[in-house]
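In our numbering, the protein residues as written are 8 to 474. Built from N, CA and C at the ideal position, the CB exists for glycine as well.
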């Protein structure tokens, strides 16, 4: 996924709308590696088809359809859209495309057993199979079929839009060349910058170098004549992935007001303010989260952020010997409880609720913990459990192992954690959580030796850490 320097602007433009990276089924256990799909099938086909490709992350904003997306759907000669997760945005965008262009719309989707919201057979949707590891089960056959579709898409007599098939005199969209040429130039640049932001924040990136690269992309993004909202959100999430909290807050301050008001962006602002924690940041973060709940109703994500704000406030007060620490702990527990009630499939508020109940240790809390453990374990299992390859899923399993005194599970979870090559800050976050658990578990356990060993190994970054 490199830049676009040296590409021929006279080539037909192919727009690919699909998620970046690995994404998990919303209601299932499987993960799909969309980057593998892109590299193994789409890129080789593009080279042979003589087209120029740009790619946008279909799931960056979740519910926010931005202007550049409309431009690409209207003006790109060919569109490949992935329908796998049945995102409502995708189907709305598909309608826009079919209303604007008579041909060259190629639909693909992972065959996961569940039905899509409508029968794509009428528009010749192409299913592909996913392996147990998230990659393509049959990349060669998919590439061959896709190559045939790309060739057909460039034939003038090929019509795949149901509207154009139904209405012989339907005009569609016909814009002047200068409009389409300006769009293509901007689309190429934005695609290049988006990929740079995505690659800068990869898990194996050096944090300092990542922040510097993201800052360089940000400067170019903000210098564009019109704001590219999806690019700005990609930058925001890149900063989040490398824990650049001040940079996140600064970027949101510089966003167009319409984008800064989006729920997802406001949630990220609350997260960043809490983690930056300068002056009144944490109070502002709590105010934002509470405002989102009032305006938009119950949300596991928003309650999770609110719970984290109060959890961090509790930690500060506890270490300072502040008598108000108990009140902050109660509020954090309540926020996480409401978040987990809102969506029991989301293990994040569940594991935090469980561990904070152990910290509070009221008479009824231990009984509640016992009831919660299997529910949280099930939520983790739905995300793939030990086979998930996701750091936070595995870290949750590690915490569950500590609570349940399951050393075997703990060692397997720790081994899997190191397979993800986590950043040091991620390991340290887990260390702090385990230390708090250890403090509460020691008086009621015969031994917490294996938890101590786990903490030492996490700090060393290896299963071969100090004994």
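CB-CB under 8 Å to residue 386, same chain, minus the five flanking residues each way: which ones, in chain order? For the purposes of this step, residue 386 is identified with residue 379 of the chain shown, where counting begins at 1. Cβ contact annotation for residue 386 (same chain, cutoff 8 Å, sequence separation greater than five): 351, 352, 353, 354 and 357, in chain order.
Chain-order list of residues whose beta-carbon lies under 6 Å from that of residue 78 (same chain, five-residue window excluded): Working through the chain shown from its first residue, we reach residue 78 at position 71. Contacts found: 190.
Pairs of beta-carbons, one from the stretch 449 to 468 and one from the stretch 408 to 417, closer than 8 Å: are there three or more? For the pair of segments examined, the stretch 449 to 468 was found to touch the stretch 408 to 417: the number of CB pairs separated by less than 8 Å reaches three.
Exposed or buried, which one is residue 399 when buried takes at least 16 other CB atoms within 10 Å? Indexing the chain shown from 1 puts residue 399 at position 392. With 16 or more other Cβ atoms within 10 Å, it is buried.
Closest Cα partner of residue 43 within the set 137, 401 and 362: The count along the chain shown starts at 1 and reaches residue 43 at position 36. Per the Cα distances, 137.
Taking 8 Å as the cut-off, decide whether the C-beta atoms of residue 230 and residue 221 are in contact. Locating residue 230 in the chain shown gives position 223, counting from the first residue. Locating residue 221 in the chain shown gives position 214, counting from the first residue. When the beta-carbon positions are compared, residue 230 and residue 221 stay at least 8 Å from each other.
Give the range of the beta strand (DSSP E) segment to which residue 174 is assigned. Position 167 of the chain shown, counting from 1, holds the residue named residue 174. That residue, residue 174, is in no beta strand (DSSP E); it is neither H nor E in DSSP.
In whole angstroms, give me the CA-to-CA distance for residue 283 and residue 254. As a working note, residue 283 is residue 276 in the chain shown. As a working note, residue 254 is residue 247 in the chain shown. Rounded to whole angstroms, the separation of the alpha carbons of residue 254 and residue 283 is 10 Å.
Exposure label - residue 451; buried when at least 16 CB within 10 Å: Here residue 451 corresponds to residue number 444 of the chain shown, with the count starting at 1. Looking at its Cβ environment, which holds fewer than 16 other Cβ atoms inside 10 Å, residue 451 is exposed.
Would you kindly check if the distance between the Cβ of residue 462 and the Cβ of residue 442 is under 8 Å? Along the chain shown, read from residue 1 onward, the residue named residue 442 stands at position 435. Along the chain shown, read from residue 1 onward, the residue named residue 462 stands at position 455. With contacts defined as CB atoms closer than 8 Å, residue 442 and residue 462 qualify as a contacting pair.
Going straight from the alpha carbon of residue 45 to that of residue 219, what length do you get? Position 38 of the chain shown, counting from 1, holds the residue named residue 45. Position 212 of the chain shown, counting from 1, holds the residue named residue 219. Approximately 27 Å between the Cα atoms of the pair.
Measure from the alpha carbon of residue 295 to the alpha carbon of each residue in 285, 309 and 215, then state which is nearest. As a first step, residue 295 must be located in the chain shown, where it is residue number 288. Selection 285, 309 and 215 evaluated against residue 295 yields 309 as nearest (Cα-Cα).
The alpha helix (DSSP H) spanning residue 216 covers which residue range? The sequence position of residue 216 within the chain shown is 209, counting from 1. Per DSSP, residue 216 belongs to the alpha helix (DSSP H) from 214 to 229.
Are the CB atoms of residue 239 and residue 258 nearer to each other than 8 Å? Here residue 239 refers to the residue found at position 232 of the chain shown. Here residue 258 refers to the residue found at position 251 of the chain shown. Going by C-beta atoms, residue 239 is nearer than 8 Å to residue 258.
Comparing C-alpha positions only, which one of 93, 276, 268 and 264 sits nearest to residue 247? Taking the first residue of the chain shown as 1, we reach residue 247 at position 240. Of the candidates 93, 276, 268 and 264, 276 places its Cα closest to the Cα of residue 247.
Chain-order list of residues whose beta-carbon lies under 7 Å from that of residue 217 (same chain, five-residue window excluded): For the purposes of this step, residue 217 is taken as the residue at position 210 of the chain shown. Cβ neighbours of residue 217 beyond the five flanking positions: 207, 208 and 249.
For residue 319, name the three-state secondary structure that DSSP assigns. In the chain shown, counting from the first residue as 1, residue 319 sits at position 312. Residue 319 falls in the helix class under three-state DSSP.
Alpha carbon to alpha carbon, what distance is there between residue 62 and residue 53? As a position in the chain shown, residue 53 is number 46, starting the count at 1. As a position in the chain shown, residue 62 is number 55, starting the count at 1. In a straight line, the C-alpha of residue 53 is about 12 Å away from that of residue 62.
What are the residues that DSSP puts in a beta bridge with residue 134? On the chain shown, position 127 is the one that residue 134 refers to. 116.
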